[in-house]
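Novice:
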Amino acid sequence: MAARDEFHQRVTKIQALLDKAAKVEDLELQGELARYIAVRTSGLIETTVRETLENYVQKRAAPEVQRFVSTRLRRFRNPDLKDILELAAEFSDSLQDALRDLPEEFREAVTSTVGLRNNIAHGGDTSISLGKIRDRFQNVRRFLEALREYLNN
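For the sequence shown, counting from 1, position 31 maps to 14 in our numbering; every step adds exactly one.
1. Under the three-state reduction of DSSP, which class applies to D84: helix, strand or coil?
2. For the alpha helix (DSSP H) holding E8, just list the boundary residues, first then last.
3. My guess is that L0 and L16 are in contact by the Cβ rule of under 8 angstroms, so how many angstroms apart are they, rounded?
4. Report yes if the CB atom of D88 is closer than 9 angstroms to the CB atom of F59, and no otherwise.
5. Look up T109 in the DSSP assignment and say whether it is helix, strand or coil.
6. DSSP state of S75, grouped into three classes?
7. Which residues in the same chain as R18 place their Cβ atom closer than 7 angstroms to its Cβ, once the five residues preceding and following it in sequence are excluded?
8. What do you reckon, are the CB atoms on T24 and R90 nearer than 9 angstroms?
9. Identify which residue in A5, E132, R33 has its Cα closest to the Cα of I20.
10. Comparing C-alpha positions only, which one of L113, D2, N122, V48 sits nearest to Q13?
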């Protein structure tokens, strides 16, 4: 239950940032906030995938398997959709299929958000509107909720 609360707390914090940024009149500052929100959303992807899979294994596997998976997931950093699908296949083909079957806009939001985060982190000149990052965030949230629901977290 703690993981569910942590996920919802993270989502709520990002939503609050979006709401605050929408009140900012300075468009340049609003753009900076949109980039920050993109980085936070990318972090939400990484953290949620890792925690969801760890929780799944903790409920079903022997301690040795739990330790192995936990160690493997610690190296799971800054995943894009391809990485998430490959990791899902290591758990089960049906999980990978379920994620592949999600609406394109959910999957594309993961890919584009992580790509944007990487560009920002490496000093790229990026611009994104607050409206666009809000849409991406909502689709990323739906992708992560589907993952959590599939694994009953």
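C-beta: ideal position from N, C-alpha, C; glycine also.
None of these values were measured; they are calculated from a predicted model.
Specialist: Based on what the coordinates show:
1. Stepping through the sequence shown from its first residue, residue 84 is reached at position 101. DSSP places D84 in coil when its eight states are reduced to three.
2. Within the sequence shown, residue 8 is the residue found at index 25, counting from 1. Per DSSP, E8 belongs to no alpha helix (DSSP H) and is neither H nor E.
3. Locating residue 0 in the sequence shown gives position 17, counting from the first residue. Locating residue 16 in the sequence shown gives position 33, counting from the first residue. At roughly 7 angstroms, the Cβ-Cβ gap stays under 8 angstroms, so L0 and L16 are in contact.
4. Position 105 of the sequence shown, counted from the start, is the residue given in the question as residue 88. Position 76 of the sequence shown, counted from the start, is the residue given in the question as residue 59. Here residue 88 turns out to be Glu, not Asp, going by the sequence shown. Not closer than 9 angstroms, so no.
5. Looking up residue 109 in the sequence shown gives position 126. Coil at T109, not helix or strand.
6. Position 92 of the sequence shown holds residue 75. Coil, per DSSP.
7. Translated into the one-based positions of the sequence shown, residue 18 becomes position 35. The answer, listed in chain order, is I103, T109, I111.
8. For the purposes of this step, residue 24 is identified with residue 41 of the sequence shown, where counting begins at 1. For the purposes of this step, residue 90 is identified with residue 107 of the sequence shown, where counting begins at 1. Against a cut-off of 9 angstroms, the Cβ pair of R90 and T24 comes out as no contact.
9. The residue you call residue 20 lines up with position 37 of the sequence shown. That would be A5, whose Cα lies nearest to the Cα of I20.
10. Taking the first residue of the sequence shown as position 1, residue 13 is located at position 30. For the residues L113, D2, N122, V48, the minimum Cα distance to Q13 belongs to L113.
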